[in-house]
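Keeping their order, the protein sequence lines are chains Z and E.
Heads up, the first sequence is in the numbering used here, so the first residue is 598 and it goes up one at a time.
Heads up, the second sequence is in the numbering used here, so the first residue is 113 and it goes up one at a time.
Ideal placement from N, C-alpha and C gives every residue a C-beta, glycine not left out.
What you are looking at is a predicted structure, and each value in this text was computed from that prediction instead of being measured.
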Amino acid sequence: MTNTMEKKSEIIMKVRDVVCHFAGPRTSFFGERMIAHAVNGVSFDLYAGETLGLVGESGCGKSTLGQLILNLIEPTAGSVSYLGQDITTIDTKEWRRLRSEMQLVFQNPLGALNPRLTIGSQIREPLDIHHVGDEDKRDDKVLEMIAAVSLPPHLLDRYPHQLSGGQQQRVVIARALISGPKLVVCDESVSALDVSVQAQVVNLLVDLQKKLGLTYLFITHDLSIVRHISSRIAVMYLGRIVELADSEALLENPMHPYTKALISAVPVPDPRARASRTTITGEPPNPFNPPSGCAFHARCPQADSKCQSLIPVFLQIDEKHAVACHYA
Amino acid sequence: MTTKQADSVMPSHTATGVKRGWLSATMHRWGLSGEWLVTAALIYIAFILFIAVFGFTFQPYEHTKQDLFNQLQPPVFMDGGSWDHIFGTDDLGRDVLSRLIKGLQLSVLIGVVGTVIGAVLGSVLGIVAAHFRGWVEEVLMMLVDVQVSLPFIIFALAVLAFVGNSLTVLIIVVGIDGWERYARLSRSMVLSCNAQDYVRAVRSLGLSNYKIYRRHVLPNILGTLVVQATINLPGVILLESTLSFLGLGVQPPMTSLGQILGVGRDYLILAPWIAVLPGMVIFFLTLSIAVVGDWLRDRLDPTLK
């Protein structure tokens, strides 16, 4: 797993100080609009061929970050470059061409498929959009792709609601991969599936990654899946990455108190192993009104006055580990 | 809805090889098994459309031809009726059947064209509002609110009084009726459709806006708009009848069902057939369209098949 962390690996995506604010409701009739700080200064690199797991509780901005990377929404500040090219400033034509190189796999597969079109025509759609290959050869490509996601070809004439959840998600994956993307953002892609089906789909994603040399940004709130699929893991809290490390390093030796709490919340199948558990109390803070200093200080067992006033810097502790905490 | 019945009927049918009657077999082929009311409504609508298009070929008299010696003659099934005028004559001795055929032609024309105008206008404005959001949406939705708060019959009377009366103006006026319903409906459906993952998915695939609307949004909202049109169509026909009844609609020598009804009200006691016959035609037509619309709504939803 760690081999993908070798610095020789090409950087496919460089994210620098990305900020994304959403305008909320007005404070009063004549007041200013409230600002939701969805993503608040995030920087990281994505290496070709790796899987970066992005975890965090709901509302921490991880889906927004996923869409920022694909340039589906524009960042308020900061830059996102894909293979050395800043993609936040490109024109529409170039943007459209980039669509075939980066893809998004959604959480709810039934919602991600048009109920009125057959499976076959929906998998074929990216080829038609980007004019890939000859028109009469596109159907062969579809057959190839549906075999690659282990679905029988007779499903091509079916409609989405006639398929099971796992089959639907395979269709969504087939559609995402048929145009030959390099980067795939999986936004909670297996969270809506049964646990047994989850495993199948995750294994499928891993197989396809090996076969096609894909890079994944795997967004989830489920640490046990991330452990299985990721080479590196980033933990997000209220719009910031608080810890980023190699999977093993992060899971064995978490440094941020929030990461510690997250990891200890993963159920362990051993009834006697409950002794040392870090728990956190309180609610996730309001992104319209983020706390001063470290956003986590109100819920942190280690916090003191420094945490309340000073935002911790995101520091590289060692080669494989970076964390944003005053006491790590 | 019908699948349960079909499941229970079909096996016994295939197992015993019972032959269906012609009507029953046809109904089955059209997916109408057990839907007798819908079948009757469809047959009635087909009949009305046939009369509207081809009725002039067997119209017994010119609809304006007066016969002052044969005023208010009752229809053939009443005392004193004769086969010369199957549905009797009106106050000027004009043949009621001929007038019904002629009136039906114009009523159906106004109803269909008016509905199409309203549906297209309203739907397009609704889609535009939902696509551009912001001030475009605010302005359009404000217009909708204005239209809703204005009694349409007053609006129609005002327009017809100021602009003057011609068939084109009348069709446009009855067409405008109901546009706000399509606009609201299509706006809200496009908004919810645009937020669906499948639209976001094809957008992230790089599909152009035009194709997103044509291929993914429109097919998913069209069913509801068609059903809305079938709900609105009777309203348009009734509106035309109302305006003609008030004397502001179709002007003689042209005639429509509403106009015949309006003239007939003076003779309701003396010669009820003049008003009752066009009234029945309108009643069954609007009822049939409503029944078919209800049925269509179920048919057009692919997840219910």
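Using a Cβ cut-off of 8 angstroms, pull out every chain E residue sitting near residue i, in sequence order please.
| i | result |
| --- | --- |
| leucine 667 of chain Z | Ser316 |
| alanine 771 of chain Z | In chain order: nothing, as chain E lies at least about 12 angstroms away. |
Step through the CB atoms of chain E and report whether any lies within less than 8 angstroms of the CB of residue i.
| i | result |
| --- | --- |
| histidine 728 of chain Z | no |
| arginine 623 of chain Z | no |
| glycine 708 of chain Z | yes |
| arginine 713 of chain Z | yes |
| threonine 599 of chain Z | With a pLDDT of 45 at threonine 599 of chain Z, under the threshold of 50, the modelled position of that residue is not reliable, and no figure is offered here. |
| arginine 693 of chain Z | yes |
| cysteine 617 of chain Z | no |
Within the 8 angstroms Cβ cut-off, does residue i reach chain Z?
| i | result |
| --- | --- |
| histidine 328 of chain E | yes |
| asparagine 332 of chain E | yes |
| alanine 402 of chain E | no |
| aspartate 410 of chain E | no |
Given a cut-off of 8 angstroms, decide if residue j and residue i are closer than it, judged by their beta-carbon atoms.
| i | j | result |
| --- | --- | --- |
| glycine 621 of chain Z | phenylalanine 885 of chain Z | yes |
| tryptophan 692 of chain Z | asparagine 668 of chain Z | yes |
| isoleucine 816 of chain Z | glycine 658 of chain Z | no |
| histidine 894 of chain Z | proline 888 of chain Z | yes |
| leucine 820 of chain Z | alanine 831 of chain Z | no |
| glutamate 352 of chain E | glycine 359 of chain E | no |
| valine 393 of chain E | threonine 342 of chain E | no |
| leucine 701 of chain Z | isoleucine 609 of chain Z | no |
| glutamine 766 of chain Z | proline 723 of chain Z | no |
| glycine 347 of chain E | glycine 290 of chain E | yes |
| isoleucine 160 of chain E | leucine 216 of chain E | yes |
| valine 768 of chain Z | leucine 760 of chain Z | yes |
| glycine 230 of chain E | asparagine 332 of chain E | no |
| valine 677 of chain Z | leucine 695 of chain Z | no |
| arginine 772 of chain Z | glutamine 719 of chain Z | yes |
| methionine 164 of chain E | valine 208 of chain E | Before going on, a small fix: residue 164 of chain E reads as alanine here, not methionine. Contact flag unset, no. |
Work out the CA separation of residue j and residue i for me, nearest whole Å.
| i | j | result |
| --- | --- | --- |
| phenylalanine 911 of chain Z | glycine 762 of chain Z | 39 angstroms |
| proline 390 of chain E | glycine 370 of chain E | 8 angstroms |
| aspartate 791 of chain Z | tyrosine 756 of chain Z | 21 angstroms |
| tryptophan 385 of chain E | glycine 246 of chain E | 56 angstroms |
| alanine 118 of chain E | serine 136 of chain E | Reliability of the predicted coordinates at alanine 118 of chain E is poor, the pLDDT of 43 falling under 50, and no value is obtained from them. |
| valine 275 of chain E | serine 235 of chain E | 26 angstroms |
| alanine 925 of chain Z | lysine 738 of chain Z | 51 angstroms |
| methionine 410 of chain E | proline 672 of chain Z | Inspection of the sequence shows that residue 410 of chain E is occupied by aspartate rather than by methionine. Going from the Cα of aspartate 410 of chain E to the Cα of proline 672 of chain Z covers about 44 angstroms. |
| cysteine 897 of chain Z | tyrosine 834 of chain Z | 12 angstroms |
| isoleucine 670 of chain Z | serine 298 of chain E | 25 angstroms |
| isoleucine 283 of chain E | methionine 366 of chain E | 14 angstroms |
| arginine 613 of chain Z | aspartate 843 of chain Z | 20 angstroms |
| arginine 829 of chain Z | aspartate 915 of chain Z | 14 angstroms |
| serine 786 of chain Z | alanine 295 of chain E | 36 angstroms |
| glycine 143 of chain E | methionine 631 of chain Z | 55 angstroms |
| leucine 212 of chain E | proline 186 of chain E | 15 angstroms |
| valine 823 of chain Z | histidine 634 of chain Z | 25 angstroms |
| leucine 255 of chain E | glycine 238 of chain E | 11 angstroms |
| lysine 734 of chain Z | arginine 315 of chain E | 24 angstroms |
| lysine 690 of chain Z | leucine 714 of chain Z | 27 angstroms |
| valine 271 of chain E | glycine 374 of chain E | 21 angstroms |
| leucine 233 of chain E | leucine 740 of chain Z | 42 angstroms |
| serine 640 of chain Z | glycine 226 of chain E | 59 angstroms |
| phenylalanine 395 of chain E | methionine 301 of chain E | 31 angstroms |
| threonine 354 of chain E | proline 263 of chain E | 14 angstroms |
So with CB distances below 7 angstroms, who are the chain E contacts of residue i?
| i | result |
| --- | --- |
| phenylalanine 703 of chain Z | Asp309 and Ala313 |
| proline 723 of chain Z | Leu317 |
| arginine 613 of chain Z | Correct list: empty, because the minimum Cβ distance to chain E is about 22 angstroms. |
Going along chain Z in order, which residues have a C-beta closer than 7 angstroms to the C-beta of residue i?
| i | result |
| --- | --- |
| leucine 209 of chain E | Chain Z residues near leucine 209 of chain E: none, gap ~46 angstroms exceeds 7 angstroms. |
| leucine 319 of chain E | Ile726 |
At 9 angstroms on the CB atoms, spell out the chain E contacts of residue i, in chain order.
| i | result |
| --- | --- |
| serine 697 of chain Z | Leu317 and Gly318 |
>> Along the segment 358–386 of chain E, where does the CB come closer than 9 angstroms to a CB of chain Z? Name the residues.
In response: none
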